[in-house]
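Before any comments, here is the structure.
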Amino acid sequence: MNNEALKELLYKMADDQLILGHRNSEWTGFGPLLEEDIAFSSMAQDKVGHSLALYTILQELGEQDPDTVAFTRNAEQFHNSLLTELPNGEYDFSLIRHFLYDTAEALRFEMLTQSSFEPLAQLSAKIRGELRYHTMHANTWIKQLGSATTESITRLQKSLEYALPYALGMFEKSPFENALISEGIFAGEQVLEDKWKRKVEEVLAQTQLQLPAWDTITPHLGGRVGKHTEHLQPLLDEMSEVLRIDPTAEW
Amino acid sequence: MYGGGNTFEGIKSDELTGEDPVKLAEFEARIERGEKIEPSDWMPKLYRKQLIRMIEQHAHSEIIGALPEGTWITRAPGFKRKMALMAKVQDEVGHGQLLYSAAETLGKSREAMIDDLINGKSKYSNIFNYPTFTWADCCFISWLVDAGAIVNQLANAKGSYGPYCRALDRICAEESFHLKYGHHCVIYLASGTQKQRDMFQEALNRWWPPMMHFFGPSDKISVHTEILMKWKVKMGTNDDMRNQFLDMYVPKIWELGFTIPDPNLKKNTETGRWDYTEPDWEEFKRVINGDGPCNSERLEVRRIAEERGRWVREALRTAKTEYVTPLA
Ligand SMILES: [Fe+2]
Ligand SMILES: [Fe+2]
Ligand SMILES: [Fe+2]
Numbered sequence: 000m001n002n003e004a005l006k007e008l009l010y011k012m013a014d015d016q017l018i019l020g021h022r023n024s025e026w027t028g029f030g031p032l033l034e035e036d037i038a039f040s041s042m043a044q045d046k047v048g049h050s051l052a053l054y055t056i057l058q059e060l061g062e063q064d065p066d067t068v069a070f071t072r073n074a075e076q077f078h079n080s081l082l083t084e085l086p087n088g089e090y091d092f093s094l095i096r097h098f099l100y101d102t103a104e105a106l107r108f109e110m111l112t113q114s115s116f117e118p119l120a121q122l123s124a125k126i127r128g129e130l131r132y133h134t135m136h137a138n139t140w141i142k143q144l145g146s147a148t149t150e151s152i153t154r155l156q157k158s159l160e161y162a163l164p165y166a167l168g169m170f171e172k173s174p175f176e177n178a179l180i181s182e183g184i185f186a187g188e189q190v191l192e193d194k195w196k197r198k199v200e201e202v203l204a205q206t207q208l209q210l211p212a213w214d215t216i217t218p219h220l221g222g223r224v225g226k227h228t229e230h231l232q233p234l235l236d237e238m239s240e241v242l243r244i245d246p247t248a249e250w
Numbered sequence: 000m001y002g003g004g005n006t007f008e009g010i011k012s013d014e015l016t017g018e019d020p021v022k023l024a025e026f027e028a029r030i031e032r033g034e035k036i037e038p039s040d041w042m043p044k045l046y047r048k049q050l051i052r053m054i055e056q057h058a059h060s061e062i063i064g065a066l067p068e069g070t071w072i073t074r075a076p077g078f079k080r081k082m083a084l085m086a087k088v089q090d091e092v093g094h095g096q097l098l099y100s101a102a103e104t105l106g107k108s109r110e111a112m113i114d115d116l117i118n119g120k121s122k123y124s125n126i127f128n129y130p131t132f133t134w135a136d137c138c139f140i141s142w143l144v145d146a147g148a149i150v151n152q153l154a155n156a157k158g159s160y161g162p163y164c165r166a167l168d169r170i171c172a173e174e175s176f177h178l179k180y181g182h183h184c185v186i187y188l189a190s191g192t193q194k195q196r197d198m199f200q201e202a203l204n205r206w207w208p209p210m211m212h213f214f215g216p217s218d219k220i221s222v223h224t225e226i227l228m229k230w231k232v233k234m235g236t237n238d239d240m241r242n243q244f245l246d247m248y249v250p251k252i253w254e255l256g257f258t259i260p261d262p263n264l265k266k267n268t269e270t271g272r273w274d275y276t277e278p279d280w281e282e283f284k285r286v287i288n289g290d291g292p293c294n295s296e297r298l299e300v301r302r303i304a305e306e307r308g309r310w311v312r313e314a315l316r317t318a319k320t321e322y323v324t325p326l327a
């Protein structure tokens, strides 16, 4: 099996989960209603938990331990998509991001239940049920807020248009696409992107939100190769603030 | 966590006049027999009023209490702590949700309660008006403030109002995990490097006075609450609760090799109770009346969160059919 290709795939998935989990956790105490505080915290816990599981698989492939990998790398060493690192903004943006990301997340893990790489197939099968709740949550809210008041529709529309180029960046191709596909590890970003577009269209069609034509959107790329926005490094600095007080200590 | 409920108002002598004496006697007999009062049962106006006040304070304490620890979620050192702290603070918000629902059974809406929190009319536990400067402050809260909360909550769970007691049973089960998590964090600081030990000692020095305040004013100076004790609204005196906390946790703190910043703190072998320097109750009053280090910050955060979320709550109340033409 092509280890390099495999690691690249695992890193980008783990980093996505960690960074968006971190962002989701920032809603704790600040949500528009208590129920949403709690929901975003649940999803944050799931995502951070998934990142830990993925980093653990990486460790078995010879990488460093999950705490070191997650808490000590610099922004250029992260492979998360730009979408995940953007600040939470208002609830409309967080919700739209949650919808766009989690739709892709659920499809990606669904595809990976078929992976020839057994540990990843097993993990995907295990968390598939959890992810269904995330998309159910996203779809429910998008449908409600995307059809309710002038303000809610306008806000969601604006955030949708802002987020879409970043969302397409999730499917930035890896230099190992062919290897991943031919070895049956992962069916590839293009397949995922197509499935994702159909799903997004299907949900948005049930709202009053307008989806721009796909060919008018230019993807924001770079995250997968370590080229990030100015938002990632401060997030990482904050995340490692306590650990850096004494990196040799146990906390 | 929790700490409110200890700031009871003095009861005016006329607050019980006008109650039907037969119903009142029946009500008191039920409580005496250990029965629970349920939302649709008859209850004196004063009972309702004091319970709303207490449960509401408790609920506010949970959601305001989520803030000082919540700011450490993004900084928690390592996966294990990060995941546990997220879950813990989420629990606290969930406690708030449960308690608002319990208070709503008495006739005050969650919106009205949150409005009163923001406009300063209703209180929350004083201890959350102090800042968490370091990770060790956050660990202090998770262990010892939660420990204090458990002392209060276990007592209150034996009270007379059914919905509140049932909420507390669920809450207490979760709190015991918080306590374990907090204790575990502090053990790691205690057995860690000098820097880590110093961090916790400094946190302990900062947090000891508010921790002593946590259980409310000394019985010698607090308002008379006999009737609330009789109705099983208030389940123990402030000094009893404080003493129980000291009994359970001072030995554990000493065991870890830390110094509690009160030279007079010792168990009195004659009375079986703890001697300590009387906390500064003037400071307590000042802080609870709004003049603590973080009061305005905490309320401001809550106010802004409510404001930013208003459009969401409005959109939830709106029927989908209200808009017939697309907005494009
Ligand atoms: Fe998700
Ligand atoms: Fe707690
Ligand atoms: Fe709590």
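Line by line, the protein sequences are chains A and B.
The first sequence runs contiguously to residue 250 in numbering that gives the first Met the number 0.
The second sequence runs contiguously to residue 327 in numbering that gives the first Met the number 0.
For each residue, glycine too, the CB sits at the ideal point set by N, CA and C.
Being a predicted model, the structure only gives us computed values, none of them experimental.
| Asked | Found |
| --- | --- |
| Close Cβ partners of Phe244 of chain B (< 6 Å) along its chain, the five nearest in sequence each way excluded | Gly147 and Val150 |
| Straight-line Cα distance separating Gln16 of chain A from Lys231 of chain B | 48 Å |
| Close beta carbons around Glu129 of chain A, own chain, < 6 Å, minus the five adjacent residues each side | Asp45 |
| As assigned by DSSP and simplified to three states, the class of Trp134 of chain B | helix |
| Chain-ordered neighbours of Leu66 of chain B on chain A, where CB pairs are closer than 8 Å | Gly28 |
| CB contact below 7 Å: Ile186 of chain B versus chain A | no |
| Segments of 4+ residues assigned as alpha helix (DSSP H) that fall wholly inside the segment 80-138 of chain A | 81-84 and 90-111 |
| Inter-residue Cα distance where the pair is Arg329 of chain B and Phe70 of chain A | Outside the shown range of chain B (0 to 327) lies residue 329 of chain B, about which nothing can therefore be said. |
| Contact set between Thr317 of chain B and chain A, taken where Cβ atoms lie within less than 7 Å | Ala147 and Thr148 |
| Length at least 4, wholly inside the segment 122-208 of chain B: the alpha helix (DSSP H) runs in chain order | 134-139, 145-155 and 161-189 |
| Chain-ordered neighbours of Ser158 of chain A on chain B, where CB pairs are closer than 7 Å | Result: empty, since nearest Cβ-Cβ is about 12 Å, beyond 7 Å. |
| is_contact[Met247 of chain B, chain A] using C-beta, thresh 7 Å | no |
| Endpoints, alpha helix (DSSP H) assigned at Glu334 of chain B | With chain B covering only 0 through 327, there is no way to say anything about residue 334 of chain B. |
| Residues of the segment 65-92 of chain A with Cβ closer than 9 Å to any Cβ of chain B, in chain order | Pro65, Asp66, Ala69, Phe70, Glu89, Tyr90 and Asp91 |
| Counterpart residues of Lys266 of chain B in DSSP-defined beta bridges | B:Trp273 |
| Bridge partners - Ile36 of chain B, DSSP secondary structure assignment | B:Tyr160 |
| Cutoff 7 Å: Val199 of chain A Cβ touching any chain B Cβ | no |
| His94 of chain B CB to nearest heavy atom of ligand 3 below 6 Å | yes |
| Distance between Arg205 of chain B and Tyr248 of chain B (C-alpha atoms, nearest Å) | 17 Å |
| C-beta contact flag for Ala65 of chain B and Val92 of chain B at 7 Å | yes |
| Partner residues on chain A for Lys194 of chain B, Cβ-Cβ distance less than 9 Å | Ile244, Asp245 and Ala248 |
| Residue-level contact to chain B via CB, Ile255 of chain A, 7 Å cutoff | Nothing can be reported for residue 255 of chain A: it is not among the residues displayed for chain A, which extend from 0 to 250. |
| Cβ pair Leu155 of chain A, Asp91 of chain A closer than 7 Å | yes |
| Heavy atom of ligand 2 within 6 Å of Glu174 of chain B beta-carbon | yes |
| Closer than 7 Å to chain B by CB, Gln232 of chain A | no |
| Reference Val185 of chain B, options B:Met198, B:Thr16 and B:Arg309, closest by Cα | B:Met198 |
| Residue nearest to Leu255 of chain B in terms of C-alpha spacing, selected from B:Glu225, B:Glu103 and B:Ala189 | B:Ala189 |
| Closest by C-alpha distance to Ala166 of chain B, when choosing among B:Val222, B:Tyr99 and B:Lys179 | B:Tyr99 |
| Heavy atom of ligand 2 within 6 Å of Asp40 of chain B beta-carbon | no |
| Any chain A beta carbon closer than 7 Å to Gly17 of chain B | no |
| Proximal residues of chain E, C-beta to C-beta of Arg154 of chain A below 8 Å | In the structure shown, chain E cannot be found, because the protein chains are A and B. |
| Beta carbon proximity, Trp206 of chain B to chain A, threshold 7 Å | no |
| Check: Glu55 of chain B C-beta below 6 Å from any heavy atom of ligand 3 | no |
| Classification of Arg96 of chain A by the beta-carbon crowding that lies within 10 angstroms, buried from 16 upward | buried |
| Chain B residues whose Cβ lies nearer than 8 Å to that of Leu51 of chain A | Phe78 and Met82 |
| Sequence-distant residues of its chain with Cβ nearer than 7 Å to Ala58 of chain A (five each side left out) | The residue asked about is misnamed: residue 58 of chain A is Gln in this sequence, not Ala. For Gln58 of chain A, where only same-chain residues beyond five positions count, the Cβ hits under 7 Å are Asp64 and Pro65. |
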